[in-house]
Amino acid sequence: SVDANGKVIGYVNDRTPNNWGRWGELDEKGTANLLTPERVAAAARLIETGKVVSCAIPLDSTGPVHPTRTGVVHLYGYTGSDFVAGTKAGQDYPNFQGTDDYIFMPLQGSTQWDGLSHFFYKDTMFNGFWIGNVESYAGARRGSIHQMKDTLVGRGVLLDLPKFKGVDRLQPQYGITPDDLDACAEAQGVTVGEGDMLVIRTGHVPWYYQLEDKMEYWKVGAPGITRAVVDWLAEKDVASLAMDNIAVEVEPHEEPFEHVYPLHARLIRDLGLTLGEVWWLEDLSATCAELGRYEFFLSAPPLNVTNASGSPANPVAVF
Ligand code: UVW
Numbered sequence: 019s020v021d022a023n024g025k026v027i028g029y030v031n032d033r034t035p036n037n038w039g040r041w042g043e044l045d046e047k048g049t050a051n052l053l054t055p056e057r058v059a060a061a062a063r064l065i066e067t068g069k070v071v072s073c074a075i076p077l078d079s080t081g082p083v084h085p086t087r088t089g090v091v092h093l094y095g096y097t098g099s100d101f102v103a104g105t106k107a108g109q110d111y112p113n114f115q116g117t118d119d120y121i122f123m124p125l126q127g128s129t130q131w132d133g134l135s136h137f138f139y140k141d142t143m144f145n146g147f148w149i150g151n152v153e154s155y156a157g158a159r160r161g162s163i164h165q166m167k168d169t170l171v172g173r174g175v176l177l178d179l180p181k182f183k184g185v186d187r188l189q190p191q192y193g194i195t196p197d198d199l200d201a202c203a204e205a206q207g208v209t210v211g212e213g214d215m216l217v218i219r220t221g222h223v224p225w226y227y228q229l230e231d232k233m234e235y236w237k238v239g240a241p242g243i244t245r246a247v248v249d250w251l252a253e254k255d256v257a258s259l260a261m262d263n264i265a266v267e268v269e270p271h272e273e274p275f276e277h278v279y280p281l282h283a284r285l286i287r288d289l290g291l292t293l294g295e296v297w298w299l300e301d302l303s304a305t306c307a308e309l310g311r312y313e314f315f316l317s318a319p320p321l322n323v324t325n326a327s328g329s330p331a332n333p334v335a336v337f
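According to the UniProt record's numbering, the residues represented by the sequence shown are 19 to 337, in order.
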């Protein structure tokens, strides 16, 4: 049964690592709590050149969208050609000319954040809230992405694995280990620590755009983090994790097989870690290499979508 706050009564999460209760029994922000005003201010002091780099793929129908979802549909309500053709002119206001457009898309269908109500395990989401708090009409009454509207801004750190390994991209099915991350950080002369917004480059999203047969992308698996990285992330105490692959974790999943997307449950549901997916990190990689620095001010708040489980974003790194 469920209490008045929407928490499952008597359920104890004995999985490790986990952050349940760490920021209060009713917390819905998870590790984003680590992005304190002091850390945000310190991150802002990293800005030296004012160069701004977007980490978003184009928000259009050409991007990789998980086959369980529809694509991005962008339509116009009225356009310049409506005025040229005279089908719109004069209908609203004298001399008025302009355009209006619409997007219909999965909130998880582009460069995006997975909110804390995106993944569950044993009928619970992060902090012990019951999964029935997410309903099709009311939406996510717990763990909504709008809880993050004033956060996901802080010190960004890029670990550029393909660059470190001297390859264009990590191969599908490559499982990223803690040793990979430590060695890469050391080679780049950067540390990953408490309250950082960690960004890991794989080169996997750019590969999608190069492929002639897009179906191959979904058949061959993906490079991503392994189970051991969950412990590493918890030890480092990062505030968020974003990557340029589809679902952060390695695909196919490691054995023993827990269930589909097992690390989503361990990261989002156990740790309260907000995951960024389908980021575009090619420009960030080039800028970090050019400036010789792998830390920057990162501003990536989600859209303030009420009671939602995810949000597109245009994350920007500022150097
Ligand atoms: C799934 O939910 C399958 O993936 P994602 O985290 O990419 O949204």
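Even for Gly, the Cβ is constructed at its ideal location relative to N, Cα and C.
Counting C-beta pairs with one atom in each stretch, the region 323-333 and the region 43-63 have fewer than three that are closer than 8 Å, which means they do not touch.
Counting every other CB atom within 10 Å of its CB across the protein chains shown gives E267 a total of 16 or more, marking it as buried.
Annotation: A260 is outside any alpha helix (DSSP H); the continuous beta strand (DSSP E) that includes it extends over S258 to M261. The beta carbons of N37 and G290 sit closer together than 8 Å. Going by DSSP, D198 is part of the alpha helix (DSSP H) stretching over P196 to Q206.
Non-local beta-carbon contacts of V208 in its own chain, meaning distances under 6 Å to residues more than five positions away in sequence, involve V175, Y312 and E313 in chain order.
Collapsing the DSSP output to three states places G211 in coil.
Cβ atoms of V323 and I163 come within 8 Å of each other, at about 6 Å. Within the chosen limit of 7 Å, ligand 1 does not reach the beta carbon of E269 with any heavy atom. Remark: the shortest separation between the CB of Q165 and any heavy atom of ligand 1 does not fall under 7 Å.
In terms of Cα proximity to Q191, the closest of H92, E300, V223 and H271 is H271.
Contact residues of ligand 1 (beta-carbon closer than 6 Å to any heavy atom; chain order) are H84, Q126, D132, I264, A265, Y279, H282 and E295.
Measuring C-alpha to C-alpha distances from V223 to each of V70, T80, V71 and A22 identifies T80 as the nearest. Excluding the 5 residues flanking it on each side, V256 has same chain C-beta neighbours closer than 6 Å at D214 and L216, in chain order. Fewer than three beta-carbon pairs drawn from the region 41-59 and the region 80-98 are found closer than 8 Å, and the two stretches are therefore not classed as touching.
As summarised for the region 151-198, the continuous alpha helix (DSSP H) elements at least 4 residues long and confined to that stretch are 179-183, given in chain order. Boundaries of the beta strand (DSSP E) around V71: V70 to S72. For the set A304, W250 and I27, the Cα lying nearest the Cα of L281 is the one of W250.
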